[in-house]
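Shown next, in structure tokens, is the structure this report addresses.
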Amino acid sequence: MVTAPTPVPDVVSAQGLTGCVEDGGACGQKIVGRGRCRKHYVRWWRRTRGAEVAPALGLKTKTPHERFWDKVGIGSASECWPWGGSADDKGYGEFYVSPERGTVPAHAYAVEVATGQQCPNGLEACHRCDNPPCCNPDHLYYGTRQQNVNDMWSRLRAPRGSARTQAKLNESAVLSIRTRFAAGELSTHLAAEYGIADSLVSRIVNGRAWHHVGGPTGTHGKPGRRPLNRKVV
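Take the sequence shown: its position 105, counted from the start at 1, is 104 in numbering that gives the first Met the number 0, and no numbers get skipped.
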């Protein structure tokens, strides 16, 4: 026997929900009003047009903490807890706290809930797990921007070389520049050929740029060339 779907109340509110509640919640699309996506909201509006409609159910009795954890997939202490609400273009969650505070990063709010302290001025919430949607407080800490950057580099999370979107060269080109410069070609000629600044060629051949690529470096001391003024570590 087929059971008819339970009708969704007309008074449902979007507050505290993460997706359209129609079809038993299976719809799940972005809510525009009355707990429904645009398609289902239009159907509701047409169905109730001209009728006296009760005010939307107020679910604002939930505290911000309760609303926050409703949107987090809580697992074990060692697992990442993914954020289930809206997020920015980098994958970091966004949580609306209140009219006074507005929207804050979800992972920062997770630290706030765990420690009872809002993120101090000059600090930011940092991930130990390299997973932007994660809201597990055990994977997060308040730190400075420099600490966050250092942490990123220590775990090799930053894109390097040709993986960077603004890179004008690739690893093969860098190796060729170093090899040809060591063989006697001038940096000005190499810069013109590869469409880069002469100063970048200098940094490449002296090992100050593209550190992860091999090839001969520190070759300014060859006969006929200006010797290097300082030691490259």
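We put the beta carbon where it would ideally sit given N, CA and C, even for glycine. Remember, predicted model here, so these are calculated numbers, not experimental data.
Exercise. Measure the alpha-carbon distance for L58 versus L168 and round it to whole angstroms.
Key: Legend: pLDDT at L58 = 47, less than 50; position of this residue unreliable, value from coordinates given subsequently. For L58 and L168, the distance between alpha carbons rounds to 55 Å.
Quiz item: Using the C-alpha atoms, what's the distance from C133 back to G214?
Solution: 40 Å
Exercise. Take R202 as the anchor and find which of I176, P131 and G101 has the nearest alpha-carbon.
Key: I176
Quiz item: Do E170 and V103 have their C-beta atoms closer together than 8 Å?
Solution: no
Quiz item: Whose C-beta lies closer than 7 Å to the C-beta of L174 among residues of the same chain, with five residues either side of it excluded?
Solution: V212, G213 and G214
Exercise. Identify the continuous beta strand (DSSP E) that holds L139 and give its terminal residues.
Key: L139 to G142
Self-check item: Nearest-angstrom Cα separation, counted from A181 out to G217
Solution: 9 Å
Quiz prompt | Supposed contact pair G72 and W80 - C-beta distance, whole angstroms, cut 8 Å | solution = 6 Å
Self-check item: Every unbroken alpha helix (DSSP H) inside the region 92 to 122 [4 residues or more]
Solution: 105 to 114
Self-check item: Collapsed DSSP secondary structure at S201 in the structure displayed
Solution: helix
Practice problem: Decide yes or no for the touch test of the region 103 to 123 against the region 36 to 55: beta carbon pairs closer than 8 Å, at least 3 of them. | Solution: no
Quiz item: Helix, strand or coil: which one does DSSP assign to A196?
Solution: coil
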